[in-house]
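Residue numbers (my numbering), protein chains in the order written: chain A, 768 to 1111; chain B, 768 to 1111.
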């Protein structure tokens, strides 16, 4: 009999909806490859309500819902009591994809805590829980014999955390520099083509890269949360994101962009951290001008990348998508694969 | 009591000598990080002979040997019978770093086979065993309850095989393109600066990047072995390296290099493989002109890189060193770490 994990989807926005589509349409093929099946046994969403079925909810019906249709029409409830569902649903793993307040990580943080407290592993793409409480949540998971995975909090499905903790284990990580916000990188690229900051932001908004309020992207706070997660996980820091100095991209003028370009250099918004000789960690978010030979200089468009500085290998760089529906749903799938590897 | 692995070093050239240095000088610090100690219990080398000590050979004395000094001076033998040592040494893991004939993978291939047959795990940076007999050797390892790891066969310590099999598991790998030979990449870069092919080769030889006979580097056969390993491991192919069409870099003229550069493009020696719709795999080694937006276009100097094509993430690229003493010794260390993870 094939091993199975029961999944509770908390939040049914783009990410968990895409995970549901993957499970519904590709689950059988994936099971061949992965050695386990996935069954969605609970879904909550503020807009749709709650659907719980220990035998597996009807994903075909969920994915075919009409605008305005609610879970009561599928035998569920129109209410959404996340705490009760997270604590009592017949699930092994909670896929948390609701919302994270950049100030305190809520409500995602409480969702993760409730799940771990009730003996369920968690995968999440929300930055908040990992940035504000990774240590507490990992200890809580260990105490309850479950796992807390959050690869997607940094570069969507592009693996950074597990590259560092797995294949690069023992390499002597001394620091990292990353392009961790695709929107600001896209904007710098368009400014290199001659657009003003304002025009580049407007274009990024039209393309769906930037939010209506682009402050978190261009002001640096999105990168700051990711730098905090990376510094704490990769370098063993114990940083509070509010302690990381932060500078956004709005101080970089078209003239500075053009001047750099004339010398073959590129402005990038860099999130970085370094382990100092005394063991302390210095982290920062700031624009930097990189010459053409820098491994991050050629990372263009909405692509993200992290360059690791290491004792044994010098510089190692990974680049890939930092956003996207399918890419972020894969982050959750990769977390589930990692949970399975640890369960065994 | 701390867990320990006994290691037999087969070949004491640059790679295993550096691994011995790491164990000797950093072993205690590494044990803290990794949770196990390493003890070298056997060393063989054609120049020095054989040294076996179940309590651990005196690495300080070995590393301080004068030119011409042999292992008989340290209580060992001046003979080197690799088969007997590999089969009988009191070792858990054999670190194979001798020599691999590009025609049949010997003698490294036999060394690996003897180790696995006698119930010892193997780590190696030799391409031969993985390129010619990975399937057979992995089956042999499984039968004997041990492990065969060869990360360093592709990009030295930069993890490609374990990035694909671990953090990228389930991503739907459909192909890859790589810059897998630092020498030829360095030569193309110097030709972009105006050197002739001959002058660039001579410079690469002076710097120690290229062998006295640079045929394997510039003719493509080094890349062909690596493409074979990658295609078989990442795409589930069953390729014989001799079936992979191969073209080296000597057909690319300074005029072609200059012409590409004038359009912002770069010539690279690309080893690639793709999964076709019918499940077959097409692999190749050939120079290609990449425009500036290609993820591999900016990989300069002796750096290596592999770009994965995937269903869920599109393109993901990892770059890092593809050679070097310390870098390649780390590949062996990372193999040992991977063996430890599987033992547990």
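All residues carry an ideal CB built from backbone N, CA and C; glycine is no exception.
- Taking 8 Å as the CB threshold, residue 840(A) stays off the interface with chain B.
- Apart from sequence neighbours up to five positions away, the residues of its chain that approach residue 990(B) with a beta-carbon distance below 7 Å are 947, 948, 1036, 1038 and 1052, ordered along the chain.
- Rounded to whole angstroms, the gap between the alpha carbons of residue 1109(A) and residue 798(A) is 17 Å.
- Looking at the backbone, the Cα of residue 965(A) and that of residue 953(A) are separated by about 13 Å.
- Interface criterion not met: the Cβ of residue 790(A) is under 8 Å from no Cβ in chain B.
- A residue is called buried once 16 or more other Cβ atoms fall within 10 Å of its Cβ, and residue 918(A) is buried on that count.
- Across the set 1025(B), 1031(B) and 950(B), the C-alpha of 950(B) shows the shortest separation from the C-alpha of residue 1089(B).
- Not a single C-beta of chain A is nearer than 8 Å to the C-beta of residue 1035(B).
- Put simply, the backbone Cα of residue 824(B) is about 14 Å away from that of residue 779(B).
- Between residue 863(B) and residue 1105(B), the C-beta gap is not smaller than 8 Å, which leaves the two residues out of contact.
- Flagged as an interface residue toward chain B: residue 929(A), by a C-beta distance shorter than 8 Å.
- Cβ contact annotation for residue 958(A) (same chain, cutoff 7 Å, sequence separation greater than five): 964, 967, 1021 and 1024, in chain order.
- Counting only Cβ-Cβ distances below 8 Å, residue 925(A) has contacts in chain B at 1080 and 1083, in chain order.
- At a cut-off of 8 Å between beta carbons, residue 1052(B) makes no contact with chain A.
- Counting along the chain, residue 819(A) sits inside the beta strand (DSSP E) bounded by residues 816-819.
- Every beta strand (DSSP E) stretch that sits fully inside the segment 847-892 of chain A and reaches 3 residues is listed by chain position as 860-863 and 888-891.
- Annotated three-state conformation of residue 1077(A) is strand, per DSSP.
- Under a criterion of Cβ atoms nearer than 8 Å, the residues of chain A adjacent to residue 1101(B) are, in order, 934, 935, 936, 937 and 938.
- Relative to residue 1054(A), the option among 1093(A), 1076(A) and 1013(A) whose CA is nearest is 1013(A).
- The residues 830, in chain order, have a CB closer than 7 Å to that of residue 788(B) in the same chain once the five nearest residues on each side in sequence are set aside.
- In terms of Cα proximity to residue 1044(B), the closest of 934(B), 942(B) and 926(B) is 942(B).
- In this structure, 904(A) is the residue among 982(A), 904(A) and 899(A) with its C-alpha nearest to the C-alpha of residue 886(A).
- With respect to chain A, the C-beta atom of residue 801(B) has a partner C-beta closer than 8 Å.
- Residue 791(A): member of the alpha helix (DSSP H) spanning 781-801, first to last residue.
- At a cut-off of 4 residues, the continuous stretches assigned as alpha helix (DSSP H) that sit fully inside the segment 1003-1030 of chain A are 1021-1029.
- Counting C-beta atoms within 10 angstroms of its own C-beta, residue 834(B) has fewer than 16 neighbours from the protein chains shown and is therefore classed as exposed.
- The straight-line gap separating the alpha-carbon atoms of residue 1067(A) and residue 1002(A) is approximately 27 Å.
- The distance from the Cβ of residue 781(B) to that of residue 858(B) is about 21 Å, inconsistent with a contact at the 8 Å cut-off.
- The C-beta distance from residue 913(B) to residue 883(B) rounds to 6 Å, short enough to fall under 8 Å.
- Residue 888(B) has its alpha-carbon roughly 40 Å from the corresponding atom of residue 879(A).
- Residue range 928-932 is occupied by the alpha helix (DSSP H) that includes residue 932(A), with no beta strand (DSSP E) assigned at that position.
- It is roughly 12 Å from the alpha-carbon of residue 814(A) to the alpha-carbon of residue 849(A).
- With contact defined as three or more Cβ pairs closer than 8 Å, the segment 840-849 of chain A and the segment 793-808 of chain A are not in contact.
- Put simply, the CB of residue 1001(B) is far from chain A, with every gap to its CB atoms at 8 Å or more.
- The beta-carbon distance between residue 1040(A) and residue 994(A), rounded to whole angstroms, is 6 Å. This is short enough to meet the 8 Å contact definition.
- Distance from the CA of residue 852(A) to the CA of residue 1097(A), rounded to the nearest whole angstrom, comes to 24 Å.
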